[in-house]
Amino acid sequence: MLDKVKEIYQEIEQFNVASKDQLEQFRLRFVGRKGVITELFEGLKHVPQEDRRAVGQELNGLKNFALERFEAFTKTIDEQLSAADSTPPVDLTLPIVPNLTGTQHPLTLVRQRIIQIFERIGFNVADGPEIETDWYNFGALNFPDNHPARDMQDTFFIEKKSGTEQESADDVLLRTHTSNVQIRLMERHSKGETFRPIRSIMPGRVYRNETISARAHCLFHQVEGLYIDRNVGFKDLKDTLYHFVKEMFNKDTRIRFRPSYFPFTEPSAEIDISCQICGGSGCNICKHSGWVEIAGSGMVDPQVLANCGIDPEEYTGFAFGMGVERITQLKYVVNDLRLYTENDVRFLRQFEGL
Ligand code: PHE
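Numbering-wise (the UniProt record's numbering), the sequence shown opens with residue 1 and increments by one.
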């Protein structure tokens, strides 16, 4: 029996543990309930009575030796493993990191929605230049030279033909509104024998010489609308815009037509809707009035029709122009215009999946 104990001492001393597997082998052989030491303890009953005590002590010593070794090995193996953990191996079973795709810009989302609403009621989409002459941006739209209405829209001029402050129809500028496309469309549709009726919307970018702030920007977006045919009346304008507002916002949104002035429409109205942020009870977006302006509109002035070669005795029409930024602000509660152009992904990602 004591020889056996000596043998096991030796075996334990020589046993080298360098991995978790080897640690487990050590445990099974020396520490576990089916290990060699337990076996020796079982053999104790065959040891003569007088030697039993001494052999028992010997065995306990061996057992403690095995346990101490086991604990020491466990500690080193654990340390090795946690050190290895800090540089983890590639785990091929992990799910893949999703590939982030871009999102549509909120202004794009809203422009598409506006187009969709008008297309469903028979409008098509038209386009025109952003670099325009004074004639298309102002003159044909009935803005007389030196008229104060031009001051409403601080213009970026590219080329002043006269070289002075004096306006000239050929001056080149960045369009201040999308109404220039109205003129181009009307001209195109009145060429030829008979006038071809127009029912179009014209989305586009416009420019005004404004200091950039939370509320103003030097570039922004509008969607212009134009409907010209026989017997088009103010009621059609109202119907169309009522429909638009209910579709864009919701059925409970209230609409108000407020008399206004534009050189190219008569009568003219600005369109306010009940504030989408506070529901009409008053907040700083609606300046505590409960209403926010979203568009200008009116019946196309007969003089403008005539400027474009359309007989105002035969045809009438309405026009409107709305601000895309404003509609987006109301729909998604965007309080600072600068967010649209700063390209901060934290802002843009909020429109994912819309
Ligand atoms: N062009 C005008 C503006 O920018 C809006 C407008 C468009 C008004 C069409 C009436 C008709 O303020």
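Using N, Cα and C, we set each Cβ at its ideal position, and we do this for glycine too.
In the three-state scheme derived from DSSP, where H, G and I count as helix and E and B as strand, Y261 is classed as strand. Look at F156: its beta carbon is at least 7 Å from all of the heavy atoms in the ligand PHE.
Counted as a single uninterrupted DSSP element, the stretch harbouring D336 is not any alpha helix (DSSP H), since DSSP gives it neither H nor E. For a cut-off of 8 Å, the C-beta gap from L337 to R215 is around 6 Å, short enough to register as a contact. When Cβ pairs closer than 8 Å are counted between the two stretches, the region 256-263 is seen not to touch the region 101-113, the count staying below three. Judged by DSSP in its simplified three-state form, G225 adopts strand. Using a 10 angstroms sphere on the CB of G204, the tally of other CB atoms reaches 16 or more, which defines it as buried. DSSP places F320 inside the beta strand (DSSP E), whose first and last residues are 316-323. As the crow flies, the alpha-carbon of T316 is around 43 Å from that of Q350.
When distances are taken from the beta-carbon of A216 to the heavy atoms of the ligand PHE, even the shortest one reaches 7 Å or more.
Classified as exposed, N231 has fewer than 16 neighbouring CB atoms from the shown chains inside 10 Å of its CB. The straight-line gap separating the alpha-carbon atoms of N124 and R199 is approximately 7 Å. In this structure the region 124-140 lies against the region 176-193, because at least three pairs of beta carbons, one per stretch, are closer than 8 Å. Shortest gap from the CB of T265 to any heavy atom of the ligand PHE: under 7 Å. Here M1 is not near V31, since their CB atoms are 8 Å or more apart.
If you draw a 10 Å sphere on the C-beta of V324, you find 16 or more other C-beta atoms in it, and that means buried. Its Cα nearest to that of Q222, the residue I201 stands out among G163, I201, D301.
Around the beta-carbon of G56, fewer than 16 other beta-carbon atoms lie within 10 Å, marking it exposed. Nearest neighbour of N307 by Cα position, chosen from R326, G296, L185, turns out to be L185. Short of 7 Å from the beta carbon of T74, and not among the five residues preceding or following it, lie these beta carbons of its own chain, in chain order: L23. Per DSSP, the beta bridge partners of P203 are V223. In the DSSP assignment, F123 is bridged to no other residue. Within the DSSP bridge table, the entry for D272 names R256, E293 as partners.
When the five nearest sequence neighbours on each side are left out, the beta carbons in the same chain lying within less than 6 Å of the beta carbon of Y227 are those of R199, G317, F318, in order along the chain. It is roughly 26 Å from the alpha-carbon of A18 to the alpha-carbon of N60.
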